[in-house]
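Residue numbers (the numbering used here), protein chains in the order written: chain A, 1 to 741; chain B, 1001 to 1255. Don't be surprised by glycine CBs; every beta carbon is placed ideally from N, CA and C. Data first, discussion second: the structure below is written as structure tokens.
If you want it as structure tokens, here you go:
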């Protein structure tokens, strides 16, 4: 990598973007103008947005008691209104005649009330039963009687005969809901007044019904409350700006160059693809950060004026700009790399615009996850890309510096790994002829299918590998629902069916239909015979470490009780140990190996890097396990098996490893039910730790890992046959000196 | 200087299946000569030149430029050549001077060496009046001049011109051809692709007639005429192409 070229490309691209009026407008002018304009229009609109008066009909007002009065004149009694100034917002229409004259029956009146709310004639209707007042009076007389004859044995009935007034409103209409809230408050106060009068009648002190009041103390200071609010809003806004700020320059720098015909000029210069990508990446990053900073600055300035009118929200903490700026750097880097890779894929700027939506669909949930209640910074969450940064930023804004400190390393590491992966992806796009010189061709499904069957290669392409992986995931998703309904079936049959239908069938069908050499694709070759016992031994020796990783993962991301129960049920309901072994060890060792180390790994080997192929196929292998905790462990196991497959050129060592690994996992699960003391022969191997379940002793783990490393070293010395792309990459990275004649 | 052996390139095409853009062509070009690739559109000229400029990778065969392999030493190959085609555009938002300077720096030139080289180039190509003109404001001829200056700035031993005169008016095209001839006289090895007979006749020391990924005939103009008993290049060209097409059709019919 020649950094002089990177610097040259970076400065050229920055200058080029700064000379583009559209970019300048989007990045510099728009944010500076937008927020003041928005603030201004907010004040303008606020003049028109006043609280709307609500029309309320009181039916049967004549039946209301005179003391305490609910209505005075044509309004609710002012003492019942919380804010007397808002009394004007409640327009009362009082109707009592039809009921008093008995012209309408109770049911008809209620039907009429319902109709009037539905038609929008009134926002709400209060219906007072015809005998409300008389029944209330009768109840009070009863109370007085009971109070006067306190020694008598006639108790009061639990329920009074006073009929309930009713409020008719519609939750489908906002104004109607508002009217209901207002009426409810008034009726509540009125009801309390009636209670007070009743208590007075019976000479009972008011404290009898409310002997104490709960005192509330909010220990948060005003500053902390403000920080808590802002810490949820600011990170999200910052990231949205960083993303949009990266997206448009990236499109111009890649798809725009293709469109203007300057990309080939640059590609034929001595600058390498990696240098071009880094130069462009730094440019996009600068514009992403500039957009975010300028937006923040403009919003801050405008906000200062608006906030002075909203004292309850107040200003964000003064250290906020610093933390936002620090968090912006890695996020801008990540978004820039993602945008650049996507933009390289696009043939034109128009096509590039289409990629914004998928990008948002992937990144938005990660940005919004921290806003969900209860999502806090812990090791598990800190390992989620984007989410981890947002959570760290939130904690910094809230001032929890010391609690955040331990998570900086994992968050930084994950973000760095994601950045590097995205940059690698972008460089791959720039290395791909198909991407750089893609021609516009009318897409025809029929032609495309014919092309797939007609122009088959010996082994699948990387795209086919991705498709196979995605197909397995989708079929798995739907099958899990279908099989969930058939829950009464034998669990072993279900597990076998899943292996066969979900994993085995797509891979085998795609191999037969889309490749010319199923033998080469599925690695159906005999390895050196020693590789088989070596793979079995490797699985045994690596098992304590695999078990330990499993325990750590479950501590980081605890498995839900329902999941654990389902697993335990599965183990219990299996008809026999042999059938369990068939479902958990034998079938996955065959079908999963055919799919993930066969079809998918063979496809990814065209990418030119064996480790990339191994990791990608393992990620699919992991995700296909469905349960998140299991996925992490499976991905790691997949990397080991993938390595065996690449080094031996055969599927068999992987099948053996997979079988032994799963069998041991099953055996460990069985042993977990007992304790180490029950197995004196295994005492040197096992730790009896009740808190984490069955675990291997440190010495077992140490010796096992050492042995496993030795066997892996042995595998690394096997003569592996690279794919043509891998050979080319090797030649490019380590050119033979004699090649220059 | 340029050695191409059995160079092949295949594409997967949705409609036509596996498309052979280059069917294993072989040729050699020496320093101080202009080697012409003459062929109709779709003959594989651009594909061959893109492989030589390392923008595309071959599916088979080898090619070396000044001793460096295009597949395994692409960066060194690009250092050796100046590439100009109808597809290598000029930056809209850069002036002629900035653009040539930028590429000069990418080729590792700097300081006085770069300035002197550029002054000489701008003088020779008569570009001083468009020095500060932005690419977006340039005419096709001006852009072509900038492209030539960009390809020549690092004084490469090998130059590749792919359909360089397409879209140019007669005056500009003539000036460009003169420049190419001058460069040959300076000892450069030049690959010049065109579909215009007149240009090939006037300019090229050796000509390869290409059609559908094959080289149908190769030699100096006189050699070609003698070999095929035809003095007129255009007639010779049509004759070879019709012969090849007829042979292909017979093979297809037999198959």
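(message) Residues of chain A with CB closer than 8 Å to the CB of residue 1213 of chain B, please, in chain order.
(response) Within 8 Å of the CB of residue 1213 of chain B, no CB atom of chain A is found; the nearest one sits about 17 Å away.
(request) Only counting runs of 3 or more residues, tell me where the beta strand (DSSP E) segments fall wholly within the region 134-188 of chain A, in order along the chain. (result) 166-168
(message) Assess contact between the region 489-500 of chain A and the region 565-583 of chain A, defined as three or more Cβ pairs (one per stretch) separated by less than 8 Å. Is contact present?
(response) Three or more beta-carbon pairs separated by less than 8 Å link the region 489-500 of chain A to the region 565-583 of chain A, which places the two stretches in contact.
(request) Taking only the alpha-carbon atoms, compute the straight-line gap between residue 276 of chain A and residue 464 of chain A and give it to the nearest angstrom. (result) 29 Å
(request) Go through its chain and collect everything with a Cβ distance to residue 1213 of chain B's Cβ below 7 Å, but skip five positions before and after it. (result) 1020, 1021, 1022, 1023 and 1044
(message) Tell me the rounded alpha-carbon separation between residue 145 of chain A and residue 123 of chain A.
(response) 41 Å
(request) Would you list the one or two residues that DSSP bridges to residue 1132 of chain B? (result) Per DSSP, none; premise fails for residue 1132 of chain B.
(request) Evaluate the contact criterion for the region 1023-1034 of chain B versus the region 704-711 of chain A: three or more CB pairs, one atom per stretch, below 8 Å. (result) no
(request) Within its chain, find whatever has a CB closer than 8 Å to the CB of residue 348 of chain A; leave out the 5 residues flanking it on each side and keep chain order. (result) 255, 258 and 259.
(request) Locate the alpha helix (DSSP H) running through residue 274 of chain A, then write down its first and last residues. (result) 273-307
(request) List the residues of chain A that residue 1092 of chain B touches, going by C-beta distances under 7 Å, in chain order. (result) 260
(message) If you reduce the DSSP assignment to three classes, tell me which class residue 559 of chain A lands in.
(response) Coil at residue 559 of chain A, not helix or strand.
(request) Using a threshold of 8 Å, state whether the C-beta atoms of residue 270 of chain A and residue 1079 of chain B are closer than that. (result) Result yes, Cβ atoms of residue 270 of chain A and residue 1079 of chain B sit closer than 8 Å.
(request) Scan the region 444-456 of chain A for residues whose Cβ lies nearer than 9 Å to a Cβ of chain B and list them as they occur along the chain. (result) 444, 447, 448, 450, 451, 454 and 455
(message) Residues of chain A with CB closer than 8 Å to the CB of residue 1070 of chain B, please, in chain order.
(response) Simply none; closest approach about 11 Å.
(request) Work out the CA separation of residue 503 of chain A and residue 594 of chain A for me, nearest whole Å. (result) 9 Å
(message) Can you tell me which residues form a DSSP beta bridge with residue 91 of chain A?
(response) Looking at the DSSP output, residue 91 of chain A shares a beta bridge with A/55.
(request) Give the DSSP bridge partners of residue 1072 of chain B, in chain order. (result) According to DSSP, residue 1072 of chain B bridges with nothing at all.
(request) Pull out every residue of the region 509-527 of chain A whose Cβ sits closer than 9 Å to any Cβ of chain B, in chain order. (result) none
(request) List the residues of chain B whose Cβ lies closer than 7 Å to the Cβ of residue 433 of chain A, in chain order. (result) 1056 and 1057
(request) Return the CA-CA distance between residue 638 of chain A and residue 666 of chain A, expressed in angstroms with no decimal places. (result) 18 Å
(request) Check residue 1155 of chain B in the structure and name its three-state DSSP category. (result) Note: residue 1155 of chain B maps to coil in three-state DSSP.
(request) Determine which residues share a DSSP beta bridge with residue 261 of chain A and list them. (result) None; residue 261 of chain A has no bridge partner.
(request) Enumerate, from N- to C-terminal direction, the unbroken alpha helix (DSSP H) stretches of 4 or more residues contained entirely within the region 358-407 of chain A. (result) Segments of the alpha helix (DSSP H) lying fully in the region 358-407 of chain A: 379-382 and 387-397.
(message) To be precise: take each residue of the region 1027-1055 of chain B, compare its Cβ to all Cβ atoms of chain A, and keep it if any distance is under 9 Å. Which residues remain?
(response) 1050, 1053, 1054 and 1055
(request) Just mark residue 1143 of chain B as buried or exposed, buried being the case when its beta carbon has 16 or more other beta carbons within 10 Å. (result) Label assigned to residue 1143 of chain B: buried.
(request) Please compile the residues from chain A whose C-beta is within a distance smaller than 9 Å of the C-beta of residue 1018 of chain B. (result) For residue 1018 of chain B, the neighbours in chain A by C-beta distance under 9 Å run, in chain order, 454 and 455.
(request) Check the C-beta distance from residue 1056 of chain B over to residue 1009 of chain B and give it rounded, since I have them as a contact under 8 Å. (result) The pair is a contact, with the Cβ atoms about 7 Å apart (cut-off 8 Å).
(request) Could you check what DSSP says for residue 127 of chain A in three-state terms: helix, strand or coil? (result) strand
(request) Starting from residue 1185 of chain B, trace the beta strand (DSSP E) both ways and give me its first and last residue. (result) Residue 1185 of chain B -> not in any beta strand (DSSP E); alpha helix (DSSP H) instead, spanning 1170-1185.
(request) Just mark residue 717 of chain A as buried or exposed, buried being the case when its beta carbon has 16 or more other beta carbons within 10 Å. (result) exposed
(message) Suppose contacts are defined by Cβ-Cβ distances below 8 Å. Is residue 128 of chain A in contact with residue 56 of chain A by that definition?
(response) Not a contact, by the Cβ cut-off of 8 Å.
(request) Using a cut-off of 8 Å between C-beta atoms, extract the partners of residue 1078 of chain B located in chain C. (result) Absent from the structure is chain C; the protein chains it does hold are A and B.
(request) Give the DSSP bridge partners of residue 1122 of chain B, in chain order. (result) Answer is none; residue 1122 of chain B lacks a bridge partner.
(message) Suppose the cutoff is 7 Å on Cβ atoms and the five residues either side in sequence are ignored; what does the same chain contact list for residue 641 of chain A look like?
(response) 597, 654, 657 and 658
(request) Check residue 73 of chain A in the structure and name its three-state DSSP category. (result) Coil.
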